[in-house]
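Some notes on the structure that comes next.
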Amino acid sequence: MFLYLIRHGETDWNVERRCQGFSDIELNATGRWQAGAIARHLSSLKVEALYSSTLKRAHETASTIARYHDAPVQATDALRELNQGAFEGLKLTELVARHSDFLERWFRDPADLRLPSGESLREMQSRAWAALDKIIGQHPDGNVIVVSHNLCNMGLLCRIMKLELNDFRRIQQDVAAISLIEFGRWPHPVVIRLNDTSHLR
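The numbering used here applies: residue 22 is where the sequence shown begins, and numbers increase by one.
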């Protein structure tokens, strides 16, 4: 099975560098163009299944891709972004000013540190991996598209690449980026492409 793991297109909160998390922010004009670029790039692909987070920014990206394929978008809460709780809506500059002690702990040892009124990276990774593992089991062959979010994709890729979750920052996930992973042919997953944005140029 070939997994096309995609990060959603741009939102205004991406531009403003605000924490989004579970906040249901839709794509902006650039994000809608990016979703179209992804869709055109993958238009000739024979797609067996298409999955998405239930949040608007991911679901809209997936729905744009689905226009070219005979595969409905199957949305699941398990592929949502990290629940950032009390931090959602805050700009990064505001986070630094108001929560510097927490951020210091987050940068030092983030994996099991739960965000106030939110969740930890480990909790997010656990729910997202359970969903992806089920998807892999249901589709052992063919091409499957999954549209999710920055930190959620990072958590999944850490698991796929056997990286410690504390090292998640070693993986880059730009908006509208595509990563391609092959499952099943070898005893371990094979990362073929990582954070590919060539379709946006």
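Just so it is clear, CB atoms sit at the ideal spot from N, CA and C, and this is done for glycine as well.
Assigned exposure category for residue i - 16 Cβ within 10 Å defines buried
i                 : result
glutamine 105     : buried
serine 65         : exposed
phenylalanine 128 : exposed
glutamate 81      : buried
proline 161       : exposed
glutamine 159     : exposed
glycine 176       : buried
alanine 50        : exposed
Separation of residue j from residue i, as counted between CA atoms
i              : j            : result
aspartate 130  : lysine 155   : 29 angstroms
arginine 190   : leucine 113  : 16 angstroms
glutamine 55   : proline 208  : 34 angstroms
asparagine 171 : aspartate 98 : 15 angstroms
valine 196     : leucine 221  : 10 angstroms
glutamate 69   : leucine 24   : 10 angstroms
tryptophan 150 : alanine 118  : 33 angstroms
lysine 67      : proline 137  : 42 angstroms
Simplified DSSP assignment, three categories, for residue i
i                 : result
phenylalanine 189 : helix
glutamine 95      : strand
glutamate 31      : coil
leucine 48        : strand
glutamate 102     : coil
lysine 112        : strand
Residue i and residue j closer than 8 angstroms at C-beta
i                 : j                 : result
arginine 135      : phenylalanine 43  : no
serine 200        : asparagine 216    : yes
isoleucine 27     : alanine 60        : no
tryptophan 94     : leucine 63        : According to the sequence provided, residue 94 is valine. The question's tryptophan does not apply to it. No, the Cβ-Cβ distance between valine 94 and leucine 63 is not below 8 angstroms.
aspartate 45      : lysine 77         : yes
cysteine 40       : phenylalanine 108 : yes
alanine 58        : valine 168        : no
glutamine 146     : asparagine 174    : no
phenylalanine 204 : isoleucine 157    : yes
glutamate 140     : leucine 103       : yes
serine 73         : alanine 96        : yes
Rounded Cβ spacing between residue i and residue j (contact assumed at less than 8 angstroms)
i            : j           : result
glutamate 31 : glycine 52  : 4 angstroms
arginine 143 : alanine 132 : 5 angstroms
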